[in-house]
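Student: All letters in the sequence shown, in the order written, are residues 4 to 298 by my numbering.
Below is one structure. I have some questions about it.
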Amino acid sequence: MSGETKEVLGSNYGQNDVIINRLIDKMTLFDDNLMSLVFGQNIETTELLLRVIMERDIKVIDVRGQDELKNPVIGGRCITLDVHAIDVDGRHIDIEVQINAEGSHVRRARYHSSMMDARMLQEGHEFKEIKDSYVIFIYDHDKFRKGLPFYHIQRRVDETGEAFGDGSHIIYVNGRYEGNDDIGRMMRDFHQCRPEQIKSETLSKAVAYYKEKEGRGAMSEAVRQYAMEYAKEYAKEYGEEQKQEGIQTGRRTEIYLSVQDGDYSVQRGAEKAGLSLEEFEKSMSEAGYKLPEPV
Numbered sequence: 004m005s006g007e008t009k010e011v012l013g014s015n016y017g018q019n020d021v022i023i024n025r026l027i028d029k030m031t032l033f034d035d036n037l038m039s040l041v042f043g044q045n046i047e048t049t050e051l052l053l054r055v056i057m058e059r060d061i062k063v064i065d066v067r068g069q070d071e072l073k074n075p076v077i078g079g080r081c082i083t084l085d086v087h088a089i090d091v092d093g094r095h096i097d098i099e100v101q102i103n104a105e106g107s108h109v110r111r112a113r114y115h116s117s118m119m120d121a122r123m124l125q126e127g128h129e130f131k132e133i134k135d136s137y138v139i140f141i142y143d144h145d146k147f148r149k150g151l152p153f154y155h156i157q158r159r160v161d162e163t164g165e166a167f168g169d170g171s172h173i174i175y176v177n178g179r180y181e182g183n184d185d186i187g188r189m190m191r192d193f194h195q196c197r198p199e200q201i202k203s204e205t206l207s208k209a210v211a212y213y214k215e216k217e218g219r220g221a222m223s224e225a226v227r228q229y230a231m232e233y234a235k236e237y238a239k240e241y242g243e244e245q246k247q248e249g250i251q252t253g254r255r256t257e258i259y260l261s262v263q264d265g266d267y268s269v270q271r272g273a274e275k276a277g278l279s280l281e282e283f284e285k286s287m288s289e290a291g292y293k294l295p296e297p298v
């Protein structure tokens, strides 16, 4: 999820539909909630993305969004994959989007790869039966600052420079790459918040479904659930009192927006906020919201 979205939810806890709907309108495919729905529930869009990144035809037989992989060690860290795909040859593919540098440490890729690998072999199977795995990170920035569209990471033998060939692959995608090729066009589409601005017809339809059509409810619920989890973590760190203050702030923000947009009268807004008319008008103005002009 974007830093802007996280900041808004952090202060208001996503407790109102007005804020949630506005956040959804601003979302791009770099927001993992939207990305996980658009690709994690749709084989066609996932195959399209993987064909562009892996530069070859690929047939996906299973794909899931927000797939949690539990650590078998008690107290061990679990992970949730934005998109977890399996192709016709049994290869496991993890696709992640990242909009800030906080979660971009290179050892994260190593951990994601190991968590997928640990689930590929059943008891009694030979090690040679393990399938290839791919961890793909699509960053909003250029991770290695070389201006390249892709950075492919594989183990090699230091002394000879030859590929080790263990089947583990890590790919970083430069989300700021703007070349006039398939990956450049794909990354430009990733930055669009409005479906009609997305050039790929397949992606445009999928994004529109979750932003404008039947899937809007699923999108709203995903954002709301994220807000609830974020609120729980915030309460652990800062205490229940601050959490309740944040929820109250979120409620006030909903009322301010409704009055500013004409959905409520000023009087109705004051009543819902439990304030006098004078107190409400002052509070709303100090919060930076515009009072409607008197008729």
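Just so it is clear, CB atoms sit at the ideal spot from N, CA and C, and this is done for glycine as well.
What you are looking at is a predicted structure, and each value in this text was computed from that prediction instead of being measured.
Who are the near neighbours of Asp143 in its chain, counting only those whose CB is closer than 6 Å to its CB and skipping five residues on each side?
Tutor: As a working mapping, residue 143 is identified with position 140 in the sequence shown. Same-chain partners within the cutoff: Phe33, Ile102, Gly178.
Student: Taking its Cβ as the centre, do 16 or more other Cβ atoms sit within 10 Å of Gly68, making it buried, or is it exposed?
Tutor: Taking the sequence shown and counting its residues from 1, one reaches residue 68 at position 65. Counting the other Cβ atoms within 10 Å of the Cβ of Gly68 gives 16 or more, which makes it buried.
Student: State buried or exposed for Lys214, treating a residue as buried only when at least 16 other CB atoms are found within 10 Å of its CB.
Tutor: For the purposes of this step, residue 214 is identified with residue 211 of the sequence shown, where counting begins at 1. Flag for Lys214 reads buried.
Student: Less than 8 Å between C-beta atoms, sequence neighbours within five positions excluded: which residues of the same chain meet that for His311?
Tutor: Since the first residue shown for the chain is 4 and the last is 298, residue 311 is missing from the structure and cannot be characterised.
Student: Does the beta-carbon of Pro75 have 16 or more other beta-carbons within 10 angstroms, so that it is buried, or is it exposed?
Tutor: Mapped onto the sequence shown, residue 75 falls at position 72. Exposed, because fewer than 16 other Cβ atoms sit within 10 Å of the Cβ of Pro75.
Student: Figure out for me which residue from Gly277, Ala112, Pro198 has the closest Cα to the Cα of Tyr175.
Tutor: Position 172 of the sequence shown, counted from the first residue, corresponds to residue 175. Comparing Cα-Cα distances from Tyr175 to each of Gly277, Ala112, Pro198, the minimum goes to Ala112.
Student: Taking only beta-carbon positions, decide if Glu71 is within less than 9 Å of chain C.
Tutor: No chain C appears in this structure, which consists of one protein chain only.
Student: Using a 10 Å radius around the Cβ and a threshold of 16 neighbouring Cβ atoms, would you call Asp184 buried or exposed?
Tutor: The residue given as residue 184 occupies position 181 in the sequence shown. With fewer than 16 Cβ atoms within 10 Å of its Cβ, Asp184 is classed as exposed.
Student: When you compare only the Cα positions, how much space is there between Leu280 and Ser261?
Tutor: Taking the sequence shown and counting its residues from 1, the one referred to as residue 280 is at position 277. Taking the sequence shown and counting its residues from 1, the one referred to as residue 261 is at position 258. Whole-angstrom Cα-Cα distance: 15 Å.
Student: Considering Cα atoms alone, identify which of Ser117, Val91, Met30, Ile46 is closest to Lys73.
Tutor: Taking the first residue of the sequence shown as position 1, residue 73 is located at position 70. Checked all of Ser117, Val91, Met30, Ile46; the closest Cα to Lys73 is Ser117.
Student: Starting from Val66, follow the beta strand (DSSP E) in both directions and report where the run begins and ends.
Tutor: Indexing the sequence shown from 1 puts residue 66 at position 63. That run of the beta strand (DSSP E) goes 63-72.
Student: Do Val109 and Ile98 come within 9 Å of each other at the CB atom, strictly closer than that value?
Tutor: The residue given as residue 98 occupies position 95 in the sequence shown. The residue given as residue 109 occupies position 106 in the sequence shown. Using a Cβ distance threshold of 9 Å, Ile98 and Val109 do not count as a contacting pair.
Student: Is Ala166 buried or exposed, if buried means 16 or more other CB atoms sit within 10 Å of its CB?
Tutor: Along the sequence shown, read from residue 1 onward, the residue named residue 166 stands at position 163. Classification for Ala166: exposed.
Student: With a cut-off of 8 Å on the beta carbons, I'd call Tyr114 and Pro152 a contact; round off their distance for me.
Tutor: Here residue 114 is taken as the residue at index 111 of the sequence shown, counted from 1. Here residue 152 is taken as the residue at index 149 of the sequence shown, counted from 1. Not confirmed; about 25 Å, so no contact.
Student: Flag this pair as yes or no: are the beta carbons of Gly65 and Ile89 separated by less than 9 Å?
Tutor: Here residue 65 is taken as the residue at index 62 of the sequence shown, counted from 1. Here residue 89 is taken as the residue at index 86 of the sequence shown, counted from 1. First, the amino acid is wrong: residue 65 is Asp here, not Gly. Yes. Within cutoff.
Student: Based on the DSSP secondary-structure assignment, which residues constitute the bridge partners of Val138?
Tutor: Within the sequence shown, residue 138 is the residue found at index 135, counting from 1. DSSP lists Asp97, Ile173 as partners of Val138.
Student: Are the beta-carbon atoms of Ala209 and Asn24 separated by less than 9 Å?
Tutor: Here the question's residue 209 lines up with position 206 in the sequence shown. Here the question's residue 24 lines up with position 21 in the sequence shown. No, they are not a contact pair.
Student: What does the alpha-carbon distance come out to for the pair Tyr241 and Ala221?
Tutor: Position 238 of the sequence shown, counted from the start, is the residue given in the question as residue 241. Position 218 of the sequence shown, counted from the start, is the residue given in the question as residue 221. Bear in mind that the predicted position of Tyr241 carries a pLDDT of just 49, short of 50, making it too unreliable to give a figure here.
Student: My guess is that Ile201 and Asp192 are in contact by the Cβ rule of under 8 Å, so how many angstroms apart are they, rounded?
Tutor: The residue given as residue 201 occupies position 198 in the sequence shown. The residue given as residue 192 occupies position 189 in the sequence shown. Yes, they are in contact, since the Cβ atoms of Ile201 and Asp192 sit about 5 Å apart, within 8 Å.
Student: Along the beta strand (DSSP E) that carries Phe42, what are the first and last residues, could you check?
Tutor: The sequence position of residue 42 within the sequence shown is 39, counting from 1. In the DSSP assignment, Phe42 falls outside any beta strand (DSSP E) and lies within the alpha helix (DSSP H) extending over 35-43.
Student: Check whether the Cβ atoms of Leu51 and Ser207 lie closer than 9 Å to each other.
Tutor: Taking the sequence shown and counting its residues from 1, the one referred to as residue 51 is at position 48. Taking the sequence shown and counting its residues from 1, the one referred to as residue 207 is at position 204. Contact: no.
Student: Between which two residues does the alpha helix (DSSP H) carrying Phe283 extend?
Tutor: Mapped onto the sequence shown, residue 283 falls at position 280. From DSSP, the alpha helix (DSSP H) with Phe283 extends over 280-289.
Student: Determine the DSSP secondary structure at Tyr154, reduced to helix, strand or coil.
Tutor: For the purposes of this step, residue 154 is taken as the residue at position 151 of the sequence shown. Strand at Tyr154.
Student: By how many angstroms is the C-alpha of Lys131 removed from the C-alpha of Thr49?
Tutor: Numbered from 1 along the sequence shown, position 46 holds the residue referred to as residue 49. Numbered from 1 along the sequence shown, position 128 holds the residue referred to as residue 131. Spanning the two alpha carbons is a distance of roughly 28 Å.
Student: Which two residues bound the contiguous alpha helix (DSSP H) that contains Ile82?
Tutor: To locate residue 82, count along the sequence shown from 1; it is residue 79. Taken as a continuous stretch (DSSP letters only), Ile82 belongs to no alpha helix (DSSP H), being part of the beta strand (DSSP E) at 82-90.
Student: Taking DSSP as the reference, what is the three-state secondary structure of Arg113?
Tutor: The residue you call residue 113 lines up with position 110 of the sequence shown. Residue state for Arg113 is assigned as helix, using DSSP reduced to three classes.
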